[in-house]
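Going by the numbering used here, the first residue of the sequence shown is number 3, and it counts up by one from there.
The beta-carbon is built from N, C-alpha and C at its ideal position, and this holds for glycine as well.
Comments concern the structure below.
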Amino acid sequence: MTQSNPLQIVMLGPGLKVKGGISRNEQLFLDHAPDSVQITHISSKEDGSNLLKVQVFIQALLKLFWMLSTTNIDLVHIRGSHRGSAFRQAMMTLLVLVFRKPIVLQTHASEFHIFYANLNPIWRKFIS
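In structure tokens:
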């Protein structure tokens, strides 16, 4: 049964060509989403220089802001890991919270708890 207005999901995570399990997992979601779900993927990280990584992340924030401002988004699915990814996830989460949209935050780091425990308390608060 196909509904007339599919569920609108924005998925944020590494680019689909970035090496690693998160990208492969994202592609599975995109390939196998039912007709009743429309997923828009926004790349928040690409392989390359630090300048490219910053540029891609800023573009992701701008695209996310635009979509939240102009589209009826039902859910935002943020995917990532630890280190820099955790900080990107936190910034994207703050933006989504401003728009009061539901969030699924999926962290793929098996040792995230160690990374988090070793952070300065100010950074732990930001990540939380």
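Look up Ser45 in the DSSP assignment and give the residues it is bridged to.
-> For the purposes of this step, residue 45 is identified with residue 43 of the sequence shown, where counting begins at 1. Its beta-bridge partners are Gly15.
Just the C-alpha distance for Leu53 and Phe59, rounded to the nearest angstrom, thanks.
-> Taking the sequence shown and counting its residues from 1, the one referred to as residue 53 is at position 51. Taking the sequence shown and counting its residues from 1, the one referred to as residue 59 is at position 57. Roughly 10 Å separates the two Cα atoms.
Does DSSP put Thr109 in a helix, in a strand, or in coil?
-> The residue you call residue 109 lines up with position 107 of the sequence shown. Strand.
So, are the CB atoms of Arg81 and Glu28 less than 8 Å apart?
-> Position 79 of the sequence shown, counting from 1, holds the residue named residue 81. Position 26 of the sequence shown, counting from 1, holds the residue named residue 28. Yes, they are a contact pair.
List the residues that DSSP assigns as beta-bridge partners of Leu9.
-> Working through the sequence shown from its first residue, we reach residue 9 at position 7. DSSP lists Val39 as partners of Leu9.
Report the residue from Ala88, Ile129, Gln57 and Phe31 whose alpha carbon sits nearest the alpha carbon of Leu18.
-> Position 16 of the sequence shown, counted from the first residue, corresponds to residue 18. Of the candidates Ala88, Ile129, Gln57 and Phe31, the one whose C-alpha sits nearest the C-alpha of Leu18 is Phe31.
Please work out which residues of its chain come closer than 7 Å, Cβ to Cβ, to Pro123, disregarding the five sequence neighbours upstream and downstream, and give them in chain order.
-> In the sequence shown, the residue the question calls residue 123 occupies position 121. There are no such residues.
When the Cα of Leu99 is compared with those of Asn74, His110 and Val78, which residue comes out closest?
-> Taking the sequence shown and counting its residues from 1, the one referred to as residue 99 is at position 97. Among Asn74, His110 and Val78, the Cα nearest to that of Leu99 is on Val78.
Given a cut-off of 8 Å, decide if Tyr118 and Ile105 are closer than it, judged by their beta-carbon atoms.
-> Your numbering for residue 105 matches position 103 in the sequence shown. Your numbering for residue 118 matches position 116 in the sequence shown. No, the pair does not count as a contact, with Cβ atoms beyond the cut-off.
Helix or strand or just coil, what does DSSP make of Met3?
-> By 1-based counting over the sequence shown, the position of residue 3 is 1. Caution applies to Met3, whose pLDDT of 46 falls short of 50 and renders its modelled position unreliable; the model cannot decide the point.
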